Amino acid sequence: MDVFTDPDPVTYREWVKFTLPDNAGGRTAIAVSSTTAGRITALYTIFIIWIFIVAWHIAISIVLLVFTPPIMTRTSYIAVVAAWNANDPFQATLLMLRHTGHILKGMCRRQYKAEFSCRNLLLDIAILVVASGTFAGSITAGYLFPDRLTIGSSAPVNPNLMHYPDLLRPQNGTKGPEFLKLNYASMGALRAFGAIEASEVTILQNINLQQHQDQSWTENGREAQRYRIDYGYNVTGAQMGLQMFGKLTVHVQGTCSFADDWWVNQLTDNSGKKYDNYTLWKDNQPAADGNKAIPAVAEIDPSTAPLAYFARSGKLANATKIYYSILPVVAGKSSITESFDPWYETIPHQMNDFSYQVASKRPPLKCYQTDEWSYNGWKGSTSELLYGDQAPVKFPEAIKIILGTEFSVPMIVNIGMALQAGALKSSTRILPGRQTGIDAQSSSAIKDMKRIVLAAYLATRNIFRDAAMAGLELGKERSNVLERADGKMLDGVGDVVIVSSVVSSLRFGYFVAIPAILASLLFVTGLFKIGKKAFGIYDGKFNPGTYSRFLQFLMGLHATQLYRMVDQILAQVEIQDDDTQTSGSPEEHIRHQKQAHWFGQISALPRIAAVEDPQNKVKFEDLVLPQLRAVTVRNSNQHRLTLRASDGTNSIEKCEWRKLDSQEIATAQPGSGGENKNLQAQSSPV
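Every number in this note's numbering is 76 more than the matching position in the sequence shown, counting from 1.
#1: In the DSSP output, which residue or residues are listed as bridge partners for Gln445?
#2: Pro591 to Ala107, Cα distance in whole Å?
#3: Are the CB atoms of Ile283 and Tyr309 within a distance shorter than 8 Å?
#4: Of the residues Phe483, Phe416, Glu448, which one's Cα is nearest the Cα of Ser519?
#5: Please go through the same chain and pick out, in chain order, the residues whose beta-carbon is closer than 8 Å to the beta-carbon of Ile272, but skip the five residues on each side of it.
#6: How about the stretch 79-93 and the stretch 562-581: do they share at least three Cβ pairs that are nearer than 8 Å?
#7: Identify which residue in Met525, Glu482, Val311 has its Cα closest to the Cα of Ser401.
#8: Tell me the rounded alpha-carbon separation between Ile227 and Gly182.
#9: Can you give the Cα-Cα distance for Arg89 and Ile116, rounded to whole angstroms?
#10: Can you tell me whether Leu603 is buried or exposed, with buried defined as 16 or more other CB within 10 angstroms of its CB?
#11: Do the CB positions of Thr422 and Ala407 come within less than 8 Å of each other?
#12: Suppose the cutoff is 6 Å on Cβ atoms and the five residues either side in sequence are ignored; what does the same chain contact list for Arg541 look like?
#13: Assign Leu603 to one of three DSSP states: helix, strand, or coil.
#14: Give a yes or no on contact between the stretch 323-335 and the stretch 444-458, applying the rule of three or more CB pairs nearer than 8 Å.
#15: Report the start-end ranges of each beta strand (DSSP E) in the stretch 299-355 that is 3 residues or longer and not cut off at the edges.
#16: Measuring straight from C-alpha to C-alpha, what distance separates Thr355 and Ile475?
#17: Would you grab the beta carbon distance between Ile305 and Gln287 for me? Rounded to a whole angstrom, and I think it's under 8 Å.
#18: For the stretch 165-232, which segments carrying the alpha helix (DSSP H) assignment without a break, of at least 4 residues, lie completely within its bounds, in sequence order?
#19: By the 10 Å Cβ neighbour count, where 16 or more other Cβ atoms means buried, how is Thr151 classified, buried or exposed?
#20: By Cβ distance below 7 Å, which residues in the same chain neighbour Ala162 in space, the five residues on each side in sequence not counted?
#21: Mind pulling the beta strand (DSSP E) runs of 3 or more residues that sit fully within the stretch 526-587?
#22: Output needed for Val92: all residues of its chain with C-beta closer than 6 Å, excluding positions within five of it in sequence on either side, in chain order.
#23: Where do the ends of the alpha helix (DSSP H) carrying Thr459 lie?
#24: For Ala374, does the count of other Cβ atoms within 10 angstroms reach 16, so buried, or fall short, so exposed?
#25: Return the chain-ordered list of same chain residues with a C-beta closer than 7 Å to the C-beta of Ile127, the five sequence neighbours on each side being excluded.
#26: Counting C-beta neighbours from all protein chains within 10 Å, is the total for Ala393 16 or more, i.e. buried, or is it exposed?
#27: My assumption, with CB atoms under 8 Å, is that Pro97 sits in contact with Ala314. Please give the rounded CB distance.
#28: Give the DSSP-derived three-state secondary structure of Asp515 in the structure shown.
#29: Alpha carbon to alpha carbon, what distance is there between Gly114 and Phe63?
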């Protein structure tokens, strides 16, 4: 990641909808503080949990509406009650997995075809799909949502603080437009060079810097080498912070080579100081390039830090190549090591603690750079982009002014002129001593160019960021080209975003959609409760004030205790004569044996509203018990056993429960008065 200075909070706006630019165009976002973003993320995570809980109940209601038949079987009732009363989709998934296995096992055995039918299996599968899908969706959404909600750390700029110097109207006390521009550029240059020192390795991957061997020769018994330096980088509109032009890209390409023939001679002034005298661009260039010779001198002074002079040559207004030069001022600097680099070549020179000195006649770099813009297949120069008839976009006035000024000169020249003393890598490694010393062996022109190109890349990215921060640093008393005479800002001045580590950009669609979805689901759920009486439909007719069949069915499913007898194995009744005096085989002692039956819900509604309805009980068929001493009912769960005589009197003498082979057995002894009466046995849930 890049290292940068966070702008003052007043330079950007929070809780404002804006377009976060990217290479695909842009995404709608809203900016909040990082602290607020964390709280919103936590709150929305809770919202997502609620969404899936409510969605689960709505989905299972739809499944029951589609799949539940008018007449349900014992097996389907078990599935419906278990799913409807599950605490969450995960619990419902586990229950339905077990129940589906039970259905499949019954279908394989081909028993009780009504209970283990394909329709019941489809009901299980439908509930299982809804439950597992809802559970998986809640887990996935909870995992992915926080990363998807926060999409950046940018905020829209405060347009009232955007500042760019008016080079045509310098204020009193200044030295002209060049001073205003250098003063403005120096702030961004300092930030750019500071970021390089903190994260050079990370930023280096964004530029292309290559060294090519050019020529070599032997001079004074030593090999002198010269090489060519090619550099390039791309900066997109999204990286610049242009909200509406994220896909805009500038492709910067440059080439530099050493110009030994620009050195003229060595001069000495009246005080004895020595200078290397140069004539920049004295070699013959095509007249169309507009290059002019520029005289320059470089002081040979061991007491000062290394620096560089940057100068732009002349050019035509429509030229795609921009020429410039870099003159190193390093001659005479003391060094502890020997070097053969073109800029840091040393000669033996014993002075105090240093054994070498950088030789004079250091060759300047002559360079040219091309800035080519592209947008959706279109390509052209800066002037064609901003003022051409075939320009792919129409920029607001404020954006056009800043781009036109910043790209009229290579960014390398802008930051180099603004920060001459800190441009070279060697200037950051001054050795202590009575003379200013350097380590010439660890310094080179290619290292200096890498530092300069990296700074130019960052400065290009931050041209609008610097304009936002300049409003506070320079103040309102300076002329501002972005401000009209009436005090209002130019159009488009606020169409910029700036990056800050204390700001989070939230995806606007998610920011609005999550509470909207939750509110919609709660509204649908509320319709079930609010409209169940007002819009009731009973027996196929519209009857306001009554519950619909389906809503009554759902309401009844909450009464789980009324369904306890459903979730039992089929009971078996044995009627046995305990009279040992009776003759015959043991089979003759079994007077009657039948199994329990679940009659299901045959007709009326509410389905389970009336607990006394005999259709809702496990009912044993009438058992005629002439002169029998006992009746035994085996079941896996407790039931109440009732014996009544034909005259309606209670003929039970005692009734007790006991455990036998992991089953509960109820044994009832008829009283003496009921021995010769026909008795009726009936079992119902306790």
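For each residue, glycine too, the CB sits at the ideal point set by N, CA and C.
Computed from a predicted model, the values in this text were never measured in an experiment.
Based on what the coordinates show:
#1: Counted from its first residue, the sequence shown places residue 445 at position 369. Gly330, Ile398.
#2: One-based indexing of the sequence shown puts residue 591 at position 515. One-based indexing of the sequence shown puts residue 107 at position 31. Those two C-alpha atoms are separated by around 18 Å.
#3: Position 233 of the sequence shown, counted from the start, is the residue given in the question as residue 309. Position 207 of the sequence shown, counted from the start, is the residue given in the question as residue 283. It is a contact, given that the beta carbons lie within the stated cut-off.
#4: Sequence index remark: in the sequence shown, residue 519 carries index 443 (1-based). Ranking the options by Cα distance to Ser519, first place goes to Phe416.
#5: For the purposes of this step, residue 272 is taken as the residue at position 196 of the sequence shown. Excluding residues within five positions, the ones whose Cβ falls inside 8 Å are Ile279, Arg527, Leu530, Ala531, Leu534.
#6: yes
#7: Stepping through the sequence shown from its first residue, residue 401 is reached at position 325. Closest option to Ser401, Cα to Cα, is Met525.
#8: Taking the first residue of the sequence shown as position 1, residue 227 is located at position 151. Taking the first residue of the sequence shown as position 1, residue 182 is located at position 106. If you take the alpha carbons of Ile227 and Gly182, they lie about 53 Å apart.
#9: Stepping through the sequence shown from its first residue, residue 89 is reached at position 13. Stepping through the sequence shown from its first residue, residue 116 is reached at position 40. About 18 Å.
#10: Against the sequence shown, residue 603 aligns to sequence position 527. When all chains shown are included, Leu603 counts as exposed.
#11: As a working mapping, residue 422 is identified with position 346 in the sequence shown. As a working mapping, residue 407 is identified with position 331 in the sequence shown. In this structure, Ala407 does not lie closer than 8 Å to Thr422 by Cβ.
#12: Locating residue 541 in the sequence shown gives position 465, counting from the first residue. Ile574.
#13: Counted from its first residue, the sequence shown places residue 603 at position 527. It is helical.
#14: yes
#15: 325-334, 339-344
#16: Here the question's residue 355 lines up with position 279 in the sequence shown. Here the question's residue 475 lines up with position 399 in the sequence shown. Rounded to whole angstroms, Thr355 to Ile475 spans 38 Å at the Cα level.
#17: The residue labelled residue 305 in the question sits at position 229 within the sequence shown. The residue labelled residue 287 in the question sits at position 211 within the sequence shown. That belief holds up - the Cβ atoms of Ile305 and Gln287 are roughly 6 Å apart, short of 8 Å.
#18: 165-185, 194-225
#19: Within the sequence shown, numbered from 1, the residue matching residue 151 stands at position 75. It counts as buried.
#20: Sequence index remark: in the sequence shown, residue 162 carries index 86 (1-based). Contacts found: Ala168, Leu171.
#21: 573-575, 579-583
#22: Sequence index remark: in the sequence shown, residue 92 carries index 16 (1-based). So the list reads Pro232, once near-sequence residues are dropped.
#23: As a position in the sequence shown, residue 459 is number 383, starting the count at 1. Sequence inspection shows Ser at residue 459; the Thr mentioned does not correspond to that position. Ser459 -> alpha helix (DSSP H) spans 458-463.
#24: As a position in the sequence shown, residue 374 is number 298, starting the count at 1. Buried is the call here.
#25: Sequence index remark: in the sequence shown, residue 127 carries index 51 (1-based). Excluding sequence neighbours, Ile127 sits near Ile593, Leu594, Leu597.
#26: Here residue 393 corresponds to residue number 317 of the sequence shown, with the count starting at 1. Unreliable placement is indicated for Ala393, whose pLDDT of 43 sits below 50; the coordinate value is still reported in the next sentence. Label assigned to Ala393: exposed.
#27: Walking along the sequence shown from the start, residue 97 turns up at place 21. Walking along the sequence shown from the start, residue 314 turns up at place 238. Correct: roughly 4 Å between the Cβ atoms.
#28: Here residue 515 refers to the residue found at position 439 when the sequence shown is read from its first residue. Of the three classes helix, strand and coil, the one that applies to Asp515 here is coil, per DSSP.
#29: Nothing about residue 63 can be read from this structure; the chain reaches only from 77 to 762.
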